[in-house]
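**Q** Sequential numbering from 2 applies to the sequence shown in my numbering. Ideal Cβ placement from N, Cα and C applies to all residues, glycine included.
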Amino acid sequence: MKILITGTNGFVGRNLMEYFQERYENIYCPKRAQLDLEDSLAVHEYLKKNEFDVVIHCGVTLESVEQNLKMYFNIERCSSYIGKIICVGSGAEYDMKNYIPKMKEEYFGKNIPSDIYGFSKYVIGKDIESRHRNIFNLRVFGIYGKYEDYKRRFISNNICKVLCNLSQSMNKNMFFDYLYVVDFSRIIELFINKDPVKRSYNTCTGKSIDLITLSKIIRDVDGRDLPINIKEEGLKPEYTGDNTIFLQEFGGFDFTPPEKAISELYHWYKCKSGVEFNAEEFK
């Protein structure tokens, strides 16, 4: 099987690259210098020449709708040369200003996101759903794991704080649907080996967990009773999805319990990440 993964400089793409390179041959992960996804002619020539069985599109920028759409449509127009295109979508397609608990796929289109990331994913999602073809959209909600930006991502940031002997912190509590990136890699593999029926799928655990609970898990894994500081009482709007359609089509999925996933991530940071735990950096 011949697989192309875009966006492997990013957190999700890098994890997918590692996962599939360990299990499959012919995994292509070109960097921008080798393949500029915004260059329509270069993308066309590359995809026509290689005739990939699967393209996993993770490439994204938070700075430009135009760049995101160029990357997607340059791949989309070459779909006839590709067996299957899997796009990493986002719950942000539902519009961050109008989240409701356990959002279902049918909620898509009720609101239009105004932020760059959400609107980009929305337009791509709309195109994928516009007609039946070999392109699929996997809407991810919260996702965490090694290589994520530990300076701003909640779970990794607080793991690093306790490793610096600092208190954990959050602005305000909130319920999320958090998916371990290892599980996401396994889900992508399911989509590669099966012909999906739908165009879009909520790719999430279907279970909500709040930030305080996650912080308590981190504290338990660390083994020290370091404080958890919450700046503001109350709850932010919930950001969770309903994964019924995915489970009905693919059957039961063994999601990694957050306790196990956070333990693995904690020990990766402590022993393998190469991060220098300078307390001043995390205050």
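Considering only DSSP beta bridges, list what Gln-169 is partnered with.
**A** Paired residues: Ile-229.
**Q** Which same chain residues end up closer than 7 Å to Val-124 when comparing Cβ atoms and leaving out the 5 residues on each side of it in sequence?
**A** Closer than 7 Å at Cβ, skipping near neighbours: Leu-70.
**Q** Does Asn-194 pass the burial test, meaning 16 or more other C-beta atoms within 10 Å, or should it be called exposed?
**A** Asn-194 is exposed by the Cβ-count criterion.
**Q** Can you tell me the Cα-Cα spacing of Tyr-148 and Ile-4, whole angstroms?
**A** When rounded, the distance between both Cα atoms is 22 Å.
**Q** I need the straight-line Cα distance from Met-72 to Tyr-151, nearest angstrom please.
**A** Cα to Cα, the separation comes out at about 26 Å.
**Q** Quick one: is Ile-219 buried, meaning 16 or more other Cβ sit within 10 Å of its Cβ, or exposed?
**A** Buried: at least 16 other Cβ atoms inside 10 Å.
**Q** Whose C-alpha, out of Ile-117, Gly-92, Ser-65 and His-133, is nearest the C-alpha of Ile-86?
**A** The shortest Cα separation from Ile-86 among Ile-117, Gly-92, Ser-65 and His-133 belongs to His-133.
**Q** Specify the secondary structure class of Thr-257 as computed by DSSP and reduced to three states.
**A** Residue state, collapsed to three classes: coil.
**Q** At the level of alpha carbons, what is the spacing between Lys-273 and Ser-81?
**A** Each residue's Cα considered, the two are about 42 Å apart.
**Q** Can you tell me whether Asp-223 is buried or exposed, with buried defined as 16 or more other CB within 10 angstroms of its CB?
**A** By the neighbour-count rule (16 or more Cβ atoms within 10 Å), Asp-223 is buried.
**Q** What would DSSP say about Arg-140, mapped onto helix, strand or coil?
**A** Three-state result, Arg-140: strand.
**Q** Consider the Cβ of Leu-38: report whether some Cβ of chain B lies at a distance smaller than 9 Å.
**A** No chain B appears in this structure, which consists of one protein chain only.
**Q** Out of Met-175, Ser-157, Gln-249 and Leu-139, point me to the one whose CA is closest to Ser-264's CA.
**A** Per the Cα distances, Ser-157.
**Q** Is it the case that the region 112-127 contacts the region 92-104, given that we only count it when at least three CB pairs across the two stretches are under 8 Å?
**A** Counting Cβ pairs under 8 Å, three or more are found: they touch.
**Q** Check whether the Cβ atoms of Met-171 and Pro-238 sit closer than 9 Å, and answer yes or no.
**A** No. Outside cutoff.
**Q** Where does Ser-186 land, buried or exposed, given buried means 16+ other C-beta within 10 angstroms?
**A** Per the 10 Å Cβ criterion, buried.
**Q** Under the three-state reduction of DSSP, which class applies to Tyr-202: helix, strand or coil?
**A** Three-state result, Tyr-202: strand.
**Q** Go ahead and label Glu-107 buried or exposed: buried means 16 or more other beta carbons lie within 10 angstroms of its beta carbon, across all protein chains shown.
**A** It counts as exposed.
**Q** Just to confirm my understanding: we take Phe-278, look at its own chain, exclude 5 residues before and 5 after, and list those with CB closer than 8 Å. What are they?
**A** Answer for Phe-278: Cys-161, Leu-164 and Cys-165, listed in chain order.
**Q** For Pro-28, which residues of its own chain have a beta-carbon under 6 Å away from its beta-carbon, when the five flanking residues on both sides are left out?
**A** According to the sequence displayed, residue 28 carries Ile and not Pro. Here the set comprises Ile-4, Phe-21 and Gln-22.
**Q** With the cut-off set at 9 Å, would you say Cys-88 and Thr-9 are in Cβ contact?
**A** No, these two residues do not count as a Cβ contact at 9 Å.
**Q** Say whether the region 209-218 touches the region 245-252, bearing in mind that this needs 3 or more beta-carbon pairs closer than 8 Å, one atom from each stretch.
**A** They do not touch, by the three-pair rule.
**Q** Between which two residues does the beta strand (DSSP E) containing Leu-5 stretch?
**A** Note, Leu-5: beta strand (DSSP E), 4-7.
**Q** If you drop the 5 nearest sequence neighbours on each side, which residues of the same chain put their C-beta closer than 8 Å to that of Glu-77?
**A** For Glu-77, where only same-chain residues beyond five positions count, the Cβ hits under 8 Å are Ile-86, Asp-128 and Ile-136.
**Q** Classify Lys-173 as buried or exposed, calling it buried when 16 or more other Cβ atoms lie within 10 Å of its own Cβ.
**A** Exposed: under 16 other Cβ atoms inside 10 Å.
**Q** Take Pro-31 and list the residues in its own chain whose beta-carbon comes closer than 6 Å to its own, dropping the five residues that flank it on each side.
**A** Answer for Pro-31: no residue qualifies.
**Q** Rounded C-beta distance between Asn-75 and Leu-38? I'm assuming under 8 Å.
**A** Contact flag correct, Cβ pair sits at about 6 Å.
**Q** Going by the beta-carbon positions, is the gap between Arg-140 and Thr-204 smaller than 9 Å?
**A** For Arg-140 and Thr-204, yes; Cβs fall inside 9 Å.
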